[in-house]
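Using this note's numbering, read the sequence shown as starting at 1 and increasing by one per residue.
Some notes on the structure that comes next.
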Amino acid sequence: MGGGSRPSDHLRPELADEGETSFTSSSTSDYHPDDSLLSASSGITESITGSASEEESAARDNRRWCKAYFDVLRHKPGDWIEEVGGTTAGDYEVPEAITLLLVGPRGSGKSTLVNRITRVFDDDLSAPDRAQVSHNLSATRGTCFLQEYMIPRKSKSLCIYDTRSLATNLPHDFRLLQRWMTRGVSHGEMVIRDSDDLEMRKNIKSMRRQGLFSPCKRRIVNFVIFVVDGLSVLKSMDAMDDQYNEILFETFNYPFLSFKDNKPAVVVTHGDELSLSERALIRTCLGDLLGIPPIKQIFDIPGTSEFDTELAIVDMLRYSIEHADRNLAFNQSYLLEGQRIFHWIMERLHGYDVILEVVIISLCIIILFLRGIANLI
(Lines of atoms letter the chains of each structure in order from A; the text may use other names.)
(Lines give C-alpha, C1' and ligand atoms only; values in the text may rest on other atoms or scores of the structure.)
Protein backbone atom coordinates (compact mmCIF):
# COMPACT_ATOMS: atom_id res chain seq x y z
CA MET A 1 0.00 0.00 0.00
CA GLY A 2 3.03 2.23 0.30
CA GLY A 3 3.98 4.80 2.92
CA GLY A 4 3.76 4.30 6.65
CA SER A 5 5.81 5.03 9.72
CA ARG A 6 8.38 2.66 11.16
CA PRO A 7 6.64 -0.10 13.13
CA SER A 8 9.01 0.24 16.08
CA ASP A 9 7.69 3.78 16.59
CA HIS A 10 4.37 2.29 17.68
CA LEU A 11 5.50 -0.67 19.80
CA ARG A 12 5.74 -0.72 23.54
CA PRO A 13 9.17 0.87 24.24
CA GLU A 14 10.50 -2.04 26.28
CA LEU A 15 9.73 -4.47 23.46
CA ALA A 16 10.15 -2.36 20.32
CA ASP A 17 13.22 -4.21 19.04
CA GLU A 18 11.81 -7.60 19.94
CA GLY A 19 8.47 -6.85 18.27
CA GLU A 20 10.05 -5.77 14.99
CA THR A 21 12.48 -8.69 14.99
CA SER A 22 9.82 -11.26 15.81
CA PHE A 23 7.71 -10.16 12.88
CA THR A 24 10.48 -10.15 10.30
CA SER A 25 11.50 -13.64 11.34
CA SER A 26 8.01 -15.11 11.01
CA SER A 27 6.02 -15.87 7.89
CA THR A 28 2.47 -14.80 7.09
CA SER A 29 1.24 -18.34 7.71
CA ASP A 30 2.27 -18.07 11.37
CA TYR A 31 -0.53 -15.60 11.97
CA HIS A 32 -3.72 -17.04 13.40
CA PRO A 33 -6.91 -15.07 12.49
CA ASP A 34 -8.12 -15.08 16.06
CA ASP A 35 -4.99 -13.16 17.12
CA SER A 36 -6.15 -10.06 15.26
CA LEU A 37 -9.67 -10.29 16.55
CA LEU A 38 -8.94 -10.16 20.25
CA SER A 39 -9.80 -7.21 22.47
CA ALA A 40 -8.17 -3.93 21.54
CA SER A 41 -7.27 -3.25 25.13
CA SER A 42 -4.73 -5.63 26.65
CA GLY A 43 -6.37 -4.95 30.01
CA ILE A 44 -9.75 -6.15 28.74
CA THR A 45 -8.10 -9.12 27.04
CA GLU A 46 -6.45 -10.23 30.26
CA SER A 47 -9.67 -9.82 32.22
CA ILE A 48 -11.37 -12.18 29.75
CA THR A 49 -8.61 -14.70 28.96
CA GLY A 50 -6.63 -14.37 32.21
CA SER A 51 -3.46 -16.23 33.29
CA ALA A 52 -0.81 -14.64 30.99
CA SER A 53 1.91 -12.70 32.76
CA GLU A 54 2.25 -8.98 32.06
CA GLU A 55 5.52 -9.43 30.16
CA GLU A 56 4.20 -12.30 28.05
CA SER A 57 1.03 -10.35 27.33
CA ALA A 58 3.03 -7.31 26.18
CA ALA A 59 5.20 -9.45 23.91
CA ARG A 60 2.14 -11.15 22.45
CA ASP A 61 0.44 -7.80 21.82
CA ASN A 62 3.57 -6.48 20.10
CA ARG A 63 3.72 -9.49 17.79
CA ARG A 64 0.03 -9.13 17.03
CA TRP A 65 0.41 -5.42 16.34
CA CYS A 66 3.32 -6.01 13.94
CA LYS A 67 1.50 -8.75 12.07
CA ALA A 68 -1.75 -6.84 11.68
CA TYR A 69 0.11 -3.61 10.83
CA PHE A 70 2.04 -5.19 7.97
CA ASP A 71 -0.99 -7.14 6.77
CA VAL A 72 -2.82 -3.84 6.32
CA LEU A 73 0.17 -1.94 4.95
CA ARG A 74 1.08 -4.54 2.32
CA HIS A 75 -2.44 -5.55 1.36
CA LYS A 76 -3.56 -5.38 -2.24
CA PRO A 77 -7.26 -5.70 -3.14
CA GLY A 78 -8.15 -9.35 -3.60
CA ASP A 79 -5.27 -10.76 -1.52
CA TRP A 80 -7.70 -12.53 0.83
CA ILE A 81 -10.16 -13.86 -1.73
CA GLU A 82 -11.12 -17.42 -0.85
CA GLU A 83 -11.21 -19.50 -4.03
CA VAL A 84 -14.22 -21.61 -3.10
CA GLY A 85 -16.87 -23.28 -5.22
CA GLY A 86 -14.42 -23.85 -8.05
CA THR A 87 -13.79 -20.12 -8.50
CA THR A 88 -10.46 -18.34 -8.91
CA ALA A 89 -9.41 -14.78 -8.09
CA GLY A 90 -10.03 -13.87 -11.73
CA ASP A 91 -13.73 -14.66 -11.32
CA TYR A 92 -14.21 -11.73 -8.92
CA GLU A 93 -14.61 -8.01 -9.51
CA VAL A 94 -11.46 -6.77 -7.74
CA PRO A 95 -11.54 -2.97 -7.26
CA GLU A 96 -8.62 -0.61 -7.60
CA ALA A 97 -9.00 0.21 -3.92
CA ILE A 98 -10.94 -1.43 -1.10
CA THR A 99 -13.55 1.04 0.15
CA LEU A 100 -14.64 1.07 3.81
CA LEU A 101 -17.67 3.16 4.77
CA LEU A 102 -17.90 4.77 8.23
CA VAL A 103 -21.49 4.92 9.48
CA GLY A 104 -22.79 6.12 12.82
CA PRO A 105 -24.91 8.60 14.78
CA ARG A 106 -23.83 12.20 15.22
CA GLY A 107 -21.06 12.59 17.76
CA SER A 108 -19.99 8.95 17.47
CA GLY A 109 -16.44 9.98 16.53
CA LYS A 110 -16.17 9.02 12.83
CA SER A 111 -13.96 11.97 11.90
CA THR A 112 -11.80 11.48 14.99
CA LEU A 113 -11.41 7.82 14.03
CA VAL A 114 -10.16 8.88 10.57
CA ASN A 115 -7.49 11.02 12.21
CA ARG A 116 -6.46 8.24 14.57
CA ILE A 117 -6.17 5.77 11.69
CA THR A 118 -4.08 8.26 9.71
CA ARG A 119 -1.64 8.75 12.57
CA VAL A 120 -0.97 5.00 12.80
CA PHE A 121 0.40 4.93 9.24
CA ASP A 122 1.64 8.51 8.84
CA ASP A 123 5.33 9.26 8.30
CA ASP A 124 4.91 12.89 9.32
CA LEU A 125 3.79 12.87 12.95
CA SER A 126 3.53 16.67 12.93
CA ALA A 127 1.04 16.71 10.04
CA PRO A 128 -2.34 18.33 10.84
CA ASP A 129 -5.51 16.30 11.22
CA ARG A 130 -7.12 15.37 7.93
CA ALA A 131 -10.77 15.19 9.00
CA GLN A 132 -12.63 18.16 10.49
CA VAL A 133 -13.77 17.23 13.99
CA SER A 134 -16.84 18.88 15.52
CA HIS A 135 -15.90 20.21 18.95
CA ASN A 136 -19.34 21.58 19.82
CA LEU A 137 -22.13 19.57 18.16
CA SER A 138 -24.75 22.23 18.81
CA ALA A 139 -22.71 24.82 16.91
CA THR A 140 -21.89 22.78 13.79
CA ARG A 141 -23.67 20.77 11.11
CA GLY A 142 -21.09 17.99 11.15
CA THR A 143 -19.92 16.32 7.93
CA CYS A 144 -22.21 17.36 5.06
CA PHE A 145 -20.06 16.06 2.18
CA LEU A 146 -18.66 12.58 1.65
CA GLN A 147 -14.92 12.62 2.31
CA GLU A 148 -12.47 10.05 0.95
CA TYR A 149 -9.24 9.33 2.82
CA MET A 150 -6.56 7.07 1.39
CA ILE A 151 -4.82 4.99 4.06
CA PRO A 152 -1.88 5.67 4.18
CA ARG A 153 -2.03 9.07 2.50
CA LYS A 154 -0.22 8.00 -0.70
CA SER A 155 -1.83 4.58 -0.91
CA LYS A 156 -3.89 3.46 -3.89
CA SER A 157 -5.20 0.27 -2.27
CA LEU A 158 -7.37 1.33 0.68
CA CYS A 159 -9.72 4.24 1.23
CA ILE A 160 -12.06 5.14 4.07
CA TYR A 161 -15.18 7.27 3.60
CA ASP A 162 -16.36 9.65 6.29
CA THR A 163 -20.10 10.25 5.92
CA ARG A 164 -22.81 12.50 7.24
CA SER A 165 -24.03 11.40 10.63
CA LEU A 166 -27.25 9.47 11.00
CA ALA A 167 -30.24 11.30 12.42
CA THR A 168 -33.08 9.95 14.56
CA ASN A 169 -35.38 9.64 11.53
CA LEU A 170 -34.66 6.06 10.51
CA PRO A 171 -36.58 5.99 7.18
CA HIS A 172 -34.61 9.01 5.95
CA ASP A 173 -31.34 7.50 7.17
CA PHE A 174 -32.13 4.21 5.45
CA ARG A 175 -32.70 5.94 2.12
CA LEU A 176 -29.25 7.53 2.40
CA LEU A 177 -27.62 4.23 3.34
CA GLN A 178 -29.34 2.37 0.52
CA ARG A 179 -28.14 4.96 -1.99
CA TRP A 180 -24.52 4.72 -0.80
CA MET A 181 -24.55 0.93 -0.74
CA THR A 182 -26.19 0.45 -4.15
CA ARG A 183 -24.89 3.41 -6.17
CA GLY A 184 -21.52 3.87 -4.53
CA VAL A 185 -19.84 6.91 -2.99
CA SER A 186 -17.79 9.76 -4.45
CA HIS A 187 -15.45 12.22 -2.76
CA GLY A 188 -17.03 15.62 -2.19
CA GLU A 189 -20.56 14.41 -2.88
CA MET A 190 -23.14 16.61 -1.15
CA VAL A 191 -25.38 14.80 1.35
CA ILE A 192 -28.89 16.17 1.90
CA ARG A 193 -31.49 14.28 3.89
CA ASP A 194 -35.20 14.26 3.08
CA SER A 195 -35.76 15.65 6.59
CA ASP A 196 -33.50 18.70 6.04
CA ASP A 197 -35.50 21.93 6.05
CA LEU A 198 -35.15 24.60 3.38
CA GLU A 199 -32.63 26.60 5.39
CA MET A 200 -30.41 23.59 5.97
CA ARG A 201 -30.49 22.65 2.28
CA LYS A 202 -29.61 26.20 1.32
CA ASN A 203 -26.69 26.31 3.75
CA ILE A 204 -25.26 22.99 2.58
CA LYS A 205 -25.52 23.99 -1.08
CA SER A 206 -23.81 27.30 -0.33
CA MET A 207 -20.82 25.42 1.13
CA ARG A 208 -20.26 23.51 -2.09
CA ARG A 209 -17.22 24.79 -3.94
CA GLN A 210 -17.45 22.63 -7.04
CA GLY A 211 -19.86 22.34 -9.91
CA LEU A 212 -22.48 19.70 -10.41
CA PHE A 213 -19.96 17.49 -12.20
CA SER A 214 -17.02 16.08 -10.26
CA PRO A 215 -13.92 14.32 -11.64
CA CYS A 216 -13.81 12.06 -8.56
CA LYS A 217 -14.34 8.36 -9.04
CA ARG A 218 -17.47 6.68 -7.77
CA ARG A 219 -16.46 3.74 -5.60
CA ILE A 220 -18.48 0.70 -4.64
CA VAL A 221 -18.57 0.14 -0.88
CA ASN A 222 -16.85 -3.12 0.06
CA PHE A 223 -17.46 -3.16 3.82
CA VAL A 224 -19.07 -1.06 6.56
CA ILE A 225 -17.61 0.08 9.88
CA PHE A 226 -20.33 1.01 12.37
CA VAL A 227 -19.06 3.67 14.79
CA VAL A 228 -20.82 4.21 18.13
CA ASP A 229 -20.24 6.48 21.10
CA GLY A 230 -19.48 4.42 24.19
CA LEU A 231 -20.74 7.16 26.51
CA SER A 232 -24.13 7.30 24.77
CA VAL A 233 -24.44 3.52 24.91
CA LEU A 234 -23.72 3.55 28.64
CA LYS A 235 -26.23 6.35 29.28
CA SER A 236 -28.87 4.52 27.27
CA MET A 237 -28.24 1.40 29.37
CA ASP A 238 -28.64 3.33 32.63
CA ALA A 239 -31.59 5.52 31.63
CA MET A 240 -35.22 4.59 31.16
CA ASP A 241 -35.05 6.03 27.63
CA ASP A 242 -33.00 3.63 25.52
CA GLN A 243 -33.64 5.43 22.22
CA TYR A 244 -29.93 5.55 21.32
CA ASN A 245 -29.50 1.80 21.59
CA GLU A 246 -32.74 1.20 19.69
CA ILE A 247 -31.42 3.34 16.83
CA LEU A 248 -28.18 1.36 16.88
CA PHE A 249 -30.10 -1.92 16.72
CA GLU A 250 -32.34 -0.89 13.83
CA THR A 251 -29.54 0.70 11.80
CA PHE A 252 -27.03 -2.09 12.37
CA ASN A 253 -29.55 -4.68 11.18
CA TYR A 254 -30.56 -2.69 8.09
CA PRO A 255 -30.06 -5.31 5.32
CA PHE A 256 -28.18 -3.00 2.94
CA LEU A 257 -25.32 -2.65 5.43
CA SER A 258 -24.59 -6.39 5.40
CA PHE A 259 -22.79 -8.46 2.80
CA LYS A 260 -24.57 -11.80 2.72
CA ASP A 261 -24.23 -13.05 6.31
CA ASN A 262 -21.41 -10.65 7.21
CA LYS A 263 -22.56 -7.70 9.30
CA PRO A 264 -20.49 -4.53 9.85
CA ALA A 265 -17.58 -4.28 12.23
CA VAL A 266 -18.40 -2.14 15.29
CA VAL A 267 -16.04 0.48 16.72
CA VAL A 268 -16.67 1.94 20.20
CA THR A 269 -15.18 5.41 20.69
CA HIS A 270 -14.63 7.84 23.58
CA GLY A 271 -12.92 5.17 25.65
CA ASP A 272 -10.77 7.85 27.26
CA GLU A 273 -13.88 9.05 29.11
CA LEU A 274 -14.77 5.59 30.40
CA SER A 275 -13.31 3.26 32.98
CA LEU A 276 -11.97 -0.17 32.05
CA SER A 277 -14.99 -1.92 33.59
CA GLU A 278 -17.41 0.41 31.78
CA ARG A 279 -15.75 -0.31 28.43
CA ALA A 280 -15.98 -4.05 29.05
CA LEU A 281 -19.66 -3.69 30.04
CA ILE A 282 -20.43 -1.66 26.90
CA ARG A 283 -18.89 -4.27 24.60
CA THR A 284 -20.82 -7.05 26.31
CA CYS A 285 -24.05 -5.05 26.04
CA LEU A 286 -23.49 -4.28 22.36
CA GLY A 287 -22.69 -7.92 21.67
CA ASP A 288 -26.02 -8.96 23.17
CA LEU A 289 -27.92 -6.10 21.51
CA LEU A 290 -26.53 -6.59 18.01
CA GLY A 291 -26.09 -10.35 18.13
CA ILE A 292 -22.36 -10.39 17.35
CA PRO A 293 -19.30 -11.65 19.27
CA PRO A 294 -18.04 -8.77 21.45
CA ILE A 295 -14.38 -9.80 21.30
CA LYS A 296 -14.10 -10.67 17.60
CA GLN A 297 -16.32 -8.05 15.95
CA ILE A 298 -16.49 -5.11 18.38
CA PHE A 299 -13.34 -2.99 18.59
CA ASP A 300 -12.85 -0.76 21.61
CA ILE A 301 -10.75 2.39 21.05
CA PRO A 302 -9.21 3.08 24.49
CA GLY A 303 -7.87 6.57 23.76
CA THR A 304 -5.86 6.51 27.00
CA SER A 305 -2.97 4.38 25.75
CA GLU A 306 -1.34 5.10 22.38
CA PHE A 307 -0.22 1.50 21.90
CA ASP A 308 -3.58 -0.05 22.85
CA THR A 309 -5.41 2.46 20.65
CA GLU A 310 -3.23 1.68 17.65
CA LEU A 311 -3.52 -2.04 18.32
CA ALA A 312 -7.31 -1.75 18.22
CA ILE A 313 -7.15 0.24 14.98
CA VAL A 314 -4.89 -2.17 13.07
CA ASP A 315 -6.95 -5.13 14.33
CA MET A 316 -10.14 -3.44 13.14
CA LEU A 317 -8.69 -2.55 9.73
CA ARG A 318 -7.35 -6.04 9.16
CA TYR A 319 -10.73 -7.55 10.05
CA SER A 320 -12.58 -5.13 7.77
CA ILE A 321 -10.25 -5.55 4.78
CA GLU A 322 -10.28 -9.34 5.02
CA HIS A 323 -14.08 -9.43 5.05
CA ALA A 324 -14.21 -6.91 2.20
CA ASP A 325 -12.05 -9.25 0.08
CA ARG A 326 -14.19 -12.25 0.97
CA ASN A 327 -17.38 -10.51 -0.15
CA LEU A 328 -16.25 -9.15 -3.52
CA ALA A 329 -18.86 -9.60 -6.24
CA PHE A 330 -18.37 -11.92 -9.18
CA ASN A 331 -16.72 -10.41 -12.21
CA GLN A 332 -19.34 -9.10 -14.65
CA SER A 333 -17.46 -10.58 -17.60
CA TYR A 334 -17.66 -13.93 -15.83
CA LEU A 335 -21.42 -13.59 -15.51
CA LEU A 336 -21.77 -12.38 -19.07
CA GLU A 337 -19.81 -15.39 -20.30
CA GLY A 338 -22.17 -17.69 -18.40
CA GLN A 339 -25.13 -15.83 -19.86
CA ARG A 340 -23.69 -16.18 -23.35
CA ILE A 341 -23.27 -19.93 -22.91
CA PHE A 342 -26.85 -20.20 -21.61
CA HIS A 343 -28.23 -18.37 -24.66
CA TRP A 344 -26.15 -20.58 -26.97
CA ILE A 345 -27.62 -23.72 -25.41
CA MET A 346 -31.15 -22.32 -25.63
CA GLU A 347 -30.67 -21.51 -29.31
CA ARG A 348 -29.54 -25.04 -29.99
CA LEU A 349 -32.49 -26.45 -28.09
CA HIS A 350 -34.80 -24.13 -30.02
CA GLY A 351 -33.59 -25.77 -33.24
CA TYR A 352 -34.54 -29.15 -31.85
CA ASP A 353 -38.06 -27.90 -31.07
CA VAL A 354 -38.92 -27.94 -34.79
CA ILE A 355 -37.69 -31.50 -35.15
CA LEU A 356 -39.61 -32.56 -32.05
CA GLU A 357 -42.81 -30.99 -33.36
CA VAL A 358 -42.43 -32.83 -36.70
CA VAL A 359 -41.90 -36.12 -34.88
CA ILE A 360 -44.98 -35.60 -32.70
CA ILE A 361 -47.17 -34.64 -35.68
CA SER A 362 -45.91 -37.65 -37.61
CA LEU A 363 -46.71 -39.96 -34.70
CA CYS A 364 -50.21 -38.49 -34.43
CA ILE A 365 -50.82 -39.06 -38.16
CA ILE A 366 -49.59 -42.64 -37.90
CA ILE A 367 -51.84 -43.30 -34.89
CA LEU A 368 -54.87 -41.85 -36.68
CA PHE A 369 -54.04 -43.88 -39.79
CA LEU A 370 -53.77 -47.08 -37.78
CA ARG A 371 -57.08 -46.37 -35.99
CA GLY A 372 -58.73 -45.78 -39.39
CA ILE A 373 -57.48 -49.08 -40.68
CA ALA A 374 -58.69 -50.82 -37.52
CA ASN A 375 -62.21 -49.37 -37.99
CA LEU A 376 -62.32 -50.54 -41.61
CA ILE A 377 -61.42 -54.02 -40.60
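For each residue, glycine too, the CB sits at the ideal point set by N, CA and C.
Source: prediction; values computed, not measured.
Here Y319 carries a helix assignment [DSSP, helix/strand/coil]. Here P171 is exposed, its C-beta having fewer than 16 other C-beta atoms within 10 Å. Cα atoms of D242 and N169: separation of roughly 15 Å, rounded to the nearest angstrom. Linking V227 to D124 through their CA atoms gives a straight-line distance of about 26 Å. Here L328 carries a coil assignment [DSSP, helix/strand/coil]. For A265, the enclosing beta strand (DSSP E) covers residues 265-269.
In this structure, the beta-carbon distance from L146 to E189 falls below 8 Å.
Judged by DSSP in its simplified three-state form, L231 adopts helix. In the DSSP annotation of this structure, the continuous segment of the beta strand (DSSP E) that includes Y161 starts and ends at 158-162.
Partner residues in the beta bridge of T99, as assigned by DSSP, are C159. Nearest neighbour of H323 by Cα position, chosen from A280, T99, E55, turns out to be T99.
At a Cβ-Cβ threshold of 8 Å, I301 and V266 do not count as neighbours.
Ranked by Cα distance from S108, the first of K76, A239, I247, E148 is I247.
The beta carbon of Y254 lies closer than 7 Å to those of F174, L177 in the same chain, with the five residues before and after it left out.
Contact annotation: Y161 and L328 have beta-carbon atoms that are not nearer than 8 Å. Looking from the CA of A167, the closest CA among S186, P152, C144 belongs to C144. Measuring C-alpha to C-alpha distances from S232 to each of T88, F307, N245, F121 identifies N245 as the nearest. Fully enclosed alpha helix (DSSP H) runs of no fewer than 4 residues occupy 54-74 of the stretch 45-95, in order along the chain. Note on geometry: alpha-carbon atoms of K296 and L113 lie some 19 Å from one another. Between the beta-carbon of R179 and that of I192 there is about 11 Å, and that puts the pair past the 8 Å contact cut. Per DSSP, the continuous alpha helix (DSSP H) segment holding M207 begins and ends at 198-207.
Taking C-alpha positions only, L198 is separated from T182 by approximately 27 Å.
Approximately 10 Å separates the beta-carbon atoms of P294 and L281; this is outside 8 Å, ruling out the contact. Per DSSP, the beta-bridge partners of V224 are L101. Within the DSSP secondary-structure output, D300 pairs in a beta bridge with V268. Of the residues assessed, R208 falls on the exposed side of the cut-off, its CB having fewer than 16 other CB atoms within 10 angstroms. In the DSSP assignment, E148 falls within the beta strand (DSSP E) that extends over 147-150. The Cβ atoms of T309 and R116 sit closer than 8 Å to each other. At the C-beta level, S195 and R106 stay beyond 8 Å of one another.
Around the beta-carbon of R219, 16 or more other beta-carbon atoms lie within 10 Å, marking it buried. Residue environment: P128 is assigned as exposed (fewer than 16 neighbouring CB atoms within 10 Å of its CB, all protein chains considered). The beta carbon of N222 is closer than 6 Å to those of I98, T99, A324 in its chain, skipping five residues each way along the sequence. Counting only residues of its own chain and dropping the five nearest sequence neighbours on each side, Q132 has a CB closer than 7 Å to the CB of S111.
When secondary structure is reduced to three states using DSSP, L166 falls in the strand class.
Where K217 is concerned, there is no enclosing alpha helix (DSSP H), because DSSP gives it neither an H nor an E.
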